[in-house]
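For reference, the structure is listed below as structure tokens.
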Amino acid sequence: MEQSKSSFSIFETRPSLEEKLAICFINPKDFEKLNLVSSLQLKISNKEKHVIVKVEKDDDVPDGTVLMPVSIWSNRLSVVQNNEILYKNIVVNMEATREPIMKFKEIIQEHVVKK
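Read in the UniProt record's numbering, the sequence shown has 41 at position 41, and its numbers run on one by one without any break.
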């Protein structure tokens, strides 16, 4: 079957996917405490994984809190506790970084079974 010109591989993600979902929101006070500027990303990590995303200030986010849309990026930080998956209210560390935003392909390839 011939692919149409508009089709794309799962790994050839459109920029809008990362623009809309590889993002987090923090309080402006936390933005300042972390010495963030618009050219930096935020590295969010827990004991098991980390993710690097774009960060934006949001006055509605409480101090000390980071909000992320439900996505493959936020799912990386999910943890299993008492045989349940926790996907919110997770303790994380945050730091400013010049590292690029993690690509969809990079995250997916971690889960590809290698033969």
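Using N, Cα and C, we set each Cβ at its ideal position, and we do this for glycine too.
Between the CA atoms of isoleucine 52 and valine 61 - distance to the nearest angstrom: 19 Å
Check whether alanine 96 and leucine 21 have beta carbons under 9 Å apart: no
Cα-Cα separation between glutamate 106 and histidine 50, rounded to whole angstroms: 12 Å
Buried versus exposed call for isoleucine 85 [16 or more other C-beta atoms within 10 Å across all chains shown]: exposed
Cβ-based neighbour list, isoleucine 90, same chain, cut-off 8 Å, excluding 5 preceding and 5 following: When the five nearest sequence neighbours on each side are left out, the beta carbons in the same chain lying within less than 8 Å of the beta carbon of isoleucine 90 are those of Asn46, Leu77, Ser78, Val79, in order along the chain.
Whole-Å CB distance - methionine 94 paired with valine 66, under 8 Å assumed: That belief holds up - the Cβ atoms of methionine 94 and valine 66 are roughly 6 Å apart, short of 8 Å.
Bridge-paired residues (DSSP) for phenylalanine 31: Answer by DSSP bridge pairing: none, since phenylalanine 31 is not bridged.
Length of the line joining the Cα atoms of leucine 17 and methionine 68: 14 Å
Inter-residue CB distance, isoleucine 26 and aspartate 58 (contact presumed, cutoff 8 Å): 7 Å
Residue environment, arginine 98, which counts as buried when at least 16 other CB atoms sit within 10 Å: exposed
Residue environment, isoleucine 44, which counts as buried when at least 16 other CB atoms sit within 10 Å: buried
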